[in-house]
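In my numbering, the protein residues as written are 4 to 352. Beta carbons: idealized from backbone N, C-alpha and C, even for Gly. Here is the structure we will look at.
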């Protein structure tokens with residue numbers, strides 16, 4: 004944390020990707036409780052700087068409510084959910100309302116974390132599309148694109164934007180007016196477009212709405228109740244400070260290589276002319292306000308430029324050499340016969 008210039012951190016578990024597929028509700032609750040206890044114990048090493056987001060077992064709504072109260076009593080600020088229809092458990096269904104009511108009562112934040120849609124995680128026999136990003140994943144796979152670029156760029160934003168639109172139009176925050184929500188690891192550039200579209204289409208189609216009328220425009224509700232993280236895309240929101248000023252919080256995304264450290268994030272923000280006051284909001288002020296976390300007593304001021312490493316540590320040249328491709332695991336494309344299409348449609352040679 005010191006090397007990256009991070010004063011305080013909210014830990015997000017990667018298992019948010021896998022545990023929604025546990026079929027046994029009691030097992031899912033036990034797994035979440037075990038992780039949450041382990042994460043809480045780890046944060047006790049420095050409670051002023053270390054915080055954790057708790058996993059919540061949607062497979063067992065009553066168990067999830069009990070877990071919210073349990074971890075909230077330990078000081079947990081965020082309950083984490085992945086916004087997918089795993090096993091029919093999309094988190095905006097009415098049967099999950101007791102969870103959001105418990106979050107209101109405890110002051111915990113509803114944390115929404117997307118992930119790439121990996122079909123290999125599905126239990127046998129489960130064929131339904133479970134995520135907005137699954138269609139993207141299928142398209143990339145069927146097109147034989149040999150890289151995860153599209154899935155990494157598109158999938159996180161697809162899951163996040165579908166949840167944002169669904170939450171705003173369903174009236175979630177009007178049913179639970181004290182509820183706060185945070186969108187994690189989905190970047191930020193998509194949000195201005197999505198909120199603008201939400202406002203436009205609500206005005207156009209509100210007379211056809213089957214739900215009770217919204218009291219406010221979707222964007223107004225988002226600005227009051229929600230926040231989004233951003234990582235590695237500091238320049239675009241820095242150029243739209245009036246829009247993002249109070250709803251954005253920076254994330255390191257450590258140890259993913261598409262993230263960055265605080266020092267480079269600051270350089271980018273300053274290069275875009277972002278004021279020091281807004282930099283402070285982006286880099287912790289907004290997060291502390293939403294999580295109700297006091298500022299630390301000490302701040303990291305000095306940038307670490309040299310890290311002492313053991314003699315066996317590889318040099319930059321050695322790492323570059325080791326990453327050089329020596330062989331391809333992809334099959335070579337075979338020449339396609341000219342008359343293949345004719346045969347497929349019943350033509351003759």
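Proximity test, Cβ basis, 8 Å: residue i and chain B
i	result
residue 51	Judged by its chain identifiers, the structure shown contains no chain B, having just a single protein chain.
Sequence-distant residues of its chain with Cβ nearer than 8 Å to residue i (five each side left out)
i	result
residue 239	191 and 192
residue 235	190, 256, 261, 262 and 263
residue 218	177
residue 44	none
residue 46	14, 53, 54 and 55
residue 124	20, 21 and 24
residue 224	171, 176, 177 and 217
residue 226	249 and 250
Buried or exposed (CB count within 10 angstroms, at least 16 for buried), residue i
i	result
residue 207	exposed
residue 322	exposed
residue 222	buried
residue 258	exposed
residue 2	Missing from the structure shown is residue 2; the chain here goes from 4 to 352 and no further.
residue 324	exposed
residue 353	Absent from the model: residue 353. The displayed extent of the chain is 4 to 352, so no value can be given.
residue 132	exposed
residue 156	exposed
residue 214	exposed
residue 2	What the structure shows of the chain is the stretch from 4 to 352, and residue 2 is not part of that stretch, so it cannot be assessed.
residue 130	exposed
residue 301	exposed
residue 282	buried
Rounded straight-line distance, which links the Cα of residue j to that of residue i
i	j	result
residue 74	residue 42	11 Å
residue 293	residue 195	20 Å
residue 290	residue 284	8 Å
residue 251	residue 316	37 Å
residue 171	residue 98	18 Å
residue 158	residue 164	10 Å
residue 183	residue 319	44 Å
residue 48	residue 173	41 Å
residue 202	residue 216	13 Å
residue 67	residue 313	45 Å
residue 341	residue 145	Low local confidence applies: a pLDDT of 42 at residue 341 is under 50, so the model's placement there is unreliable, with the coordinate-based value given in what follows. So the two alpha carbons sit approximately 22 Å from each other.
residue 280	residue 28	46 Å
residue 204	residue 54	38 Å
residue 36	residue 179	25 Å
residue 287	residue 248	12 Å
residue 244	residue 232	15 Å
residue 272	residue 241	6 Å
residue 246	residue 220	15 Å
residue 230	residue 329	44 Å
residue 326	residue 270	29 Å
residue 266	residue 20	30 Å
residue 253	residue 142	31 Å
residue 298	residue 274	26 Å
residue 77	residue 108	15 Å
residue 276	residue 100	43 Å
residue 212	residue 198	18 Å
residue 40	residue 209	45 Å
residue 169	residue 96	11 Å
residue 4	residue 113	25 Å
residue 26	residue 50	34 Å
Proximity of residue i and residue j at Cβ, strictly below 8 Å
i	j	result
residue 62	residue 33	no
residue 8	residue 303	yes
residue 71	residue 111	yes
residue 137	residue 86	no
residue 106	residue 82	yes
residue 166	residue 89	no
residue 11	residue 69	no
residue 295	residue 104	no
residue 117	residue 200	no
residue 307	residue 6	yes
residue 237	residue 268	yes
residue 102	residue 64	yes
Same chain, Cβ closer than 7 Å to residue i, five either side skipped, listed in chain order
i	result
residue 38	16, 18 and 58
residue 228	176, 182, 183 and 184
residue 348	Only weak support is given to the placement of residue 348: the predicted model assigns it a pLDDT of 36, under 50, and the value that follows is read from those uncertain coordinates. Cβ neighbours of residue 348 beyond the five flanking positions: none.
Beta-carbon contacts of residue i that lie in its chain and below 6 Å, excluding the five residues immediately before and after
i	result
residue 60	31, 32, 35, 66 and 67
residue 160	189 and 193
residue 135	161, 162 and 165
residue 147	none
### Task
May I have a chain-ordered list of the beta strand (DSSP E) segments no shorter than 3 residues that lie completely inside the region 81-133?
81-84 and 112-115
### Task
Go through the region 241-301 residue by residue and report every complete run of the beta strand (DSSP E) that reaches 3 residues or more, in order.
Runs found: 251-253.
### Task
Return the chain-ordered ranges of every beta strand (DSSP E) run that is complete within the region 21-69 and spans a minimum of 3 residues.
53-58
### beta strand (DSSP E) runs contained entirely in the region 180-243, provided each spans 3 or more residues
184-186 and 229-233
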